[in-house]
Amino acid sequence: HRHLLGIEGLSPLDIAALLDRADEAVEISRQIEKKRATLRGRTQINLFFEPSTRTQSSFELAGKRLGADVMNMSVASSSVKKGETLIDTAATLNAMRPDIIVVRHHQAGAVHLLARKVDCAVVNAGDGAHEHPTQALLDALTIRRNKGRIEGLVVAICGDVLHSRVARSNIILLQALGARVRVIGPSTLLPPGIERFGVEVFTDMRAGLKHADIVMMLRLQRERMNGSFVPSVKEYFRYFGLDGDKLREARPDALVMHPGPMNRGVEISSEVADGAQSLIREQVEMGVAVRMAVLEALATHLPNA
Ligand code: CP
C-alpha cells in the first residue's frame, strides 16, 4: 500500500503484519538508544487541522526514532488562517518534496482528497467521523499483547459511537480479526443502521457489558454536536459513564480502554481510568510503536526505497 487512509481496504494479513512489526518497535522504544535508521534522509510532515496530544506527538517521536526529519506544520499560525484551501496547502507542502505527510482534518474524506493531490505517502491521523486507522491499530496491539489474541473476544465499544472515527476504525479492524463487537450508547449517539456492520447493539449499558472481555470507552464529542445533545453530563454519566459498579457486569478479567482525551466524570470515572483494569497508559505507549510500524511499512513503497 502506498498510503494508509483507513482500516477499510486492509486485509487481516496486512493488519497482522503491521502488529508484528509494531511488537518489534516496542522493543526498540524500550531500549536506551531508541533509534533505527529506516527513514534516514526522509522528510515527514505532520499536518494537523484539529487539536491533538497523543497522535501528533507520537507520530513525531515515531518518525524521529526511525531517523526521519520531522516537521510539525503549525496550522493555527499558517496561511490556512488567511483562507488558503486544503488543496493549495497540500500542493505547497508537496513542492517541498516530503516523503510522508500525516494529516488530521475535521472533514471526513479530506485525507483521501489530499492523497490524490500529492506525490508522497499519506497517513490518515483522523478525518472527521470517518476513520482513525492508527488508533485502531494501537488498540488492537494493546489488546493482543494483553489477551494474547483478538479472535473470539467480546469487545464493547461504549458511548458516542455516532461521532467517533475511533469506533468506526475499531469495528472494521476488530471484526476483520474475528472479535465479537458490541456497541453501547443512547440511541441518539448510535449511527442509524449500525447493525449493518454486524455489531450487536445495546442501549442499556449493563446489559451490553455482560461477559465483555474489553470495555472500550469513547469521549463524548460535544464539538461535533452543534448543541443537539440534550441530556446533562450528570445524567449521561449515570446511564453511560463507566464506574466500578458497571464494570463489574463485564468479565472479572475485563480490561478497560479509552483512546483519549478523557473527560473524567463524563464517560469514565477516575477510579476506573486509573484502576488495575485500565490499559489507557499502555495504549499511549503502543501508539508510538504502531506509528513506527506504519511509517516503516510505507517507507518500503517510497520511490528509491
Ligand atoms: N486518541 C487520539 O487521537 O488522541 P489525540 O486527539 O490527543 O491525538
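All the letters of the sequence shown, read from the start, carry residue numbers 11 to 315 under full-length UniProt numbering. Built from N, CA and C at the ideal position, the CB exists for glycine as well. These numbers come from a predicted model, not from an experiment.
What are the boundary residues of the alpha helix (DSSP H) that residue i is part of?
i	result
residue 1	Given a span of 11 to 315 for the chain in the structure shown, any question on residue 1 remains unanswerable.
Asn-104	96 to 104
Val-276	It is not in any alpha helix (DSSP H) - Val-276 carries neither H nor E in the DSSP assignment.
Would you report the Cα separation of residue i and residue j, rounded to the nearest angstrom?
i	j	result
Arg-301	Glu-34	12 Å
Leu-257	Ser-21	33 Å
Phe-207	Ala-27	24 Å
Arg-84	Thr-310	One point to set straight first is that residue 84 is Ser, not Arg, in the sequence displayed. Going from the Cα of Ser-84 to the Cα of Thr-310 covers about 28 Å.
Ala-299	Gly-136	18 Å
Arg-159	Ala-186	13 Å
Arg-229	Pro-313	39 Å
Ser-89	Met-106	16 Å
Thr-99	Gln-66	18 Å
Ala-118	Arg-234	12 Å
Glu-18	Arg-12	14 Å
What residue does the beta strand (DSSP E) around residue i start on, and which one ends it?
i	result
Phe-58	53 to 58
Val-85	It is not in any beta strand (DSSP E) - Val-85 carries neither H nor E in the DSSP assignment.
Met-227	224 to 227
Met-235	Careful: Met-235 lies outside any beta strand (DSSP E) and carries neither H nor E.
Leu-265	265 to 267
If you check the beta carbons only, do residue i and residue j fall under 8 Å apart?
i	j	result
Ile-204	Val-191	no
Leu-163	Ala-146	no
Asn-104	Val-121	no
Ala-222	Ala-166	yes
Indicate, with yes or no, if the ligand SAM has a heavy atom lying under 7 Å from the CB of residue i.
i	result
Gln-66	With respect to the ligand SAM, the structure offers nothing, as its ligand set consists of the ligand CP.
Runs of beta strand (DSSP E) wholly within the region 170 to 218 (minimum 3 residues, chain order): 190 to 194, 210 to 212
At least 3 beta-carbon pairs within less than 8 Å: the region 275 to 292 vs the region 42 to 60: no
Length-filtered (3 minimum) beta strand (DSSP E) runs lying within the region 100 to 171: 110 to 115, 131 to 137, 164 to 168
Contact the region 56 to 70 vs the region 113 to 130: 3+ CB pairs below 8 Å: yes
Any 3 or more C-beta pairs closer than 8 Å across the region 61 to 72 and the region 241 to 250: With a cut-off of 8 Å on Cβ pairs, the region 61 to 72 is not in contact with the region 241 to 250, counting fewer than three such pairs.
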